[in-house]
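**Q** Residue numbers (this note's numbering): 1 to 117.
#1: Count the other CB atoms, across all protein chains shown, that sit within 10 Å of the CB of residue 113; report buried if there are 16 or more and exposed otherwise.
#2: Just confirm the distance between the C-beta atoms of residue 35 and residue 42, as a whole number of angstroms; I'd bet it's less than 8 Å.
#3: Assuming residue 99 and residue 82 are in contact, meaning their beta carbons sit under 8 Å apart, how far apart are those beta carbons, in whole angstroms?
#4: With DSSP run on the structure shown, which of helix, strand or coil describes residue 28?
#5: Taking the DSSP output, what are the residues bridged to residue 109?
#6: I'd like to know if the stretch 3-14 and the stretch 85-93 are in contact, where contact means that at least 3 CB-CB pairs between them fall below 8 Å.
#7: Ordered along the chain, which non-local residues of its own chain (more than five positions away) have a Cβ less than 8 Å from that of residue 65?
#8: Which same chain residues, not among the five before or five after residue 23, have their C-beta less than 8 Å away from its C-beta?
#9: Drop a sphere of 10 angstroms on the beta-carbon of residue 67, count the other beta-carbons inside from all chains shown, and report buried for 16 or more, exposed for fewer.
#10: Compute the beta-carbon to beta-carbon distance between residue 31 and residue 110, rounded to the nearest angstrom, for a pair I have assumed lies under 8 Å.
#11: Which whole-angstrom value describes the C-beta separation of residue 73 and residue 101, a residue pair presumed to lie in contact below a C-beta threshold of 8 Å?
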C-alpha cells in the first residue's frame with residue numbers, strides 16, 4: 001500500500017467515527033504518540049498505551065459534533081485536521097477543540113503521531 005492509500009483509508013475511518021478501527025488497522029505495535037502538553041499522557045509508547053489514552057479521552061469528554069479534514073500527504077507523513085465541539089467532564093465548560101495530527105508511516109504502519117493545538 002502507498003502512503004496515500006494508507007492516509008486516505010485511515011482518515012476515512014476517522015471520518016466515519018471508527019477511531020478504534022483506524023488505530024487497530026494502522027498503528028504499529030511500537031507506535032509513539034506526542035501531545036502538545038505536559039503531564040502523564042504527553043508521551044505514550046505502544047499500541048496498548050494509545051488504546052488506554054483513547055479510552056480515557058472518550059470517558060472524560062462529551063462530544064457534541066465535529067469534523068475530520070484531510071489527509072494532507074507529504075513523503076512518509078500525512079496530516080489530519082480535527083475540529084470537535086466537546087465538553088470536558090472535569091470542567092463542564094463546552095469548548096471547540098481544533099488540532100492537527102501529524103502521522104509518520106513506515107512499512108505500512110503508523111509509527112508516530114504528533115498533535116498540535
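Heads up, the beta-carbon is just placed ideally off N, CA and C, and yes, glycines get one too.
**A** Let me spell this out:
#1: Residue 113 should be labelled buried.
#2: Rounded, the Cβ-Cβ distance is 5 Å, consistent with contact.
#3: Contact between residue 99 and residue 82 holds: CB atoms are separated by about 5 Å, below the 8 Å threshold.
#4: Here residue 28 sits in strand by DSSP.
#5: Answer by DSSP bridge pairing, in chain order: 106.
#6: Contact fails: fewer than three Cβ-Cβ distances are below 8 Å.
#7: Hits under 8 Å: 84 and 85.
#8: Hits under 8 Å: 47, 50, 51 and 54.
#9: Exposed: under 16 other Cβ atoms inside 10 Å.
#10: Their Cβ separation, rounded to whole angstroms, is 6 Å, which keeps residue 31 and residue 110 in contact under 8 Å.
#11: Here residue 73 is actually not in contact with residue 101; their C-beta atoms are around 13 Å apart, not less than 8 Å.
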